[in-house]
Amino acid sequence: MVAASAVIRLGADELGGAMAIARGVHRSCASLAALLVLAVFWRALQHGAARRGAAVALLLMLALSAVGWATGTQPPPAAALFNQLGGVALAALLAWLGGRAARAEALAVADSPLAHAALLLASLQVVFGAVLVALGPPVAPALLVAHAVAGLAAAAVSAALGARISSSGDTPRGAALVACAALAPLAGSLAVLPAPPFVLQAGHATAAALLVAAVAQLHGRLARSA
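Structure, rendered in structure tokens:
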């Protein structure tokens with residue numbers, strides 16, 4: 000859903016007739032996400048686990064649906080910004096709830112500083128990037144620097160967290176986080192090439208959202224040990 004949204008947002012001038020396909024994919028993914036949120040909320044009510052997180056996910060999903068319905072296919076900048084950030088937040092929250100519910104061992108408390116820092120920095124990178132796209136000049140230079148610094152810091156801290164997790168015996172999850180941490184700055188570097196195709200720009204947005212979700216999933220495992 001996040002990837003389809005990025006393609007629609009950034010490829011308006013290049014997709015042509017394929018825009019209808021992109022919108023159809025986005026609607027289908029949004030519908031599946033809504034069903035997933037409802038299932039998570041129902042399970043939380045039944046088992047009494049993570050009810051607050053599930054309730055927030057449900058409210059966020061309803062808000063995104065309402066804004067999307069009210070603003071249509073050409074939303075104003077404020078609505079587009081809310082849709083972009085809200086979609087990433089929903090993906091991250093679902094990943095966090097998945098971490099809470101996973102059968103894998105909880106993340107060690109010793110890893111909590113890295114987990115907190117990685118989630119904060121990855122979230123800031125997404126926020127700065129979304130505002131950068133929405134506002135543009137004259138605040139673009141300052142936001143661009145903040146976005147780049149937050150992105151590099153998020154990648155470094157996430158890679159360190161992934162290495163710690165791998166060394167503790169959970170190699171698959173640690174390696175996956177390291178891969179996400181490497182992909183995000185790589186996609187960002189390609190996106191700032193002169194006149195980059197919208198596919199690279201959409202890939203950058205998707206990679207950033209993927210990093211947030213990966214860190215959030217591990218952060219959810221940390222919450223289980225608290």
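Its first residue numbered 0, the sequence shown is counted upward by one per residue in numbering that gives the first Met the number 0.
For each residue, glycine too, the CB sits at the ideal point set by N, CA and C.
Note that the coordinates shown come from a computational prediction; the quantities given were computed from them, not determined experimentally.
Collapsing the DSSP output to three states places ALA49 in coil.
Ranking VAL132, ALA180, LEU176 and SER166 by CA distance to the CA of PRO76 puts VAL132 first. The shortest CA-to-CA distance from ARG50 to any of PHE81, GLY86, ARG99 and ASN82 is the one to ARG99. In the structure shown, GLN83 adopts helical secondary structure according to DSSP, grouped into three states.
Exclusion of the five residues before and after GLN216 leaves ALA94, TRP95, GLY97 and GLY98 as the residues of its chain whose Cβ lies within less than 7 Å of its Cβ. Setting aside the 5 residues that flank it on each side, ALA162 is surrounded in the same chain by GLY173 and VAL177, each with a C-beta closer than 7 Å to its C-beta; the list follows chain order. If you ignore the 5 residues before and after ALA69, its C-beta comes within less than 6 Å of no other C-beta in its own chain.
Annotated three-state conformation of PRO74 is coil, per DSSP. Using a C-beta cut-off of 8 Å, the segment 115–124 makes no contact with the segment 50–60, since fewer than three inter-stretch Cβ pairs fall below that distance.
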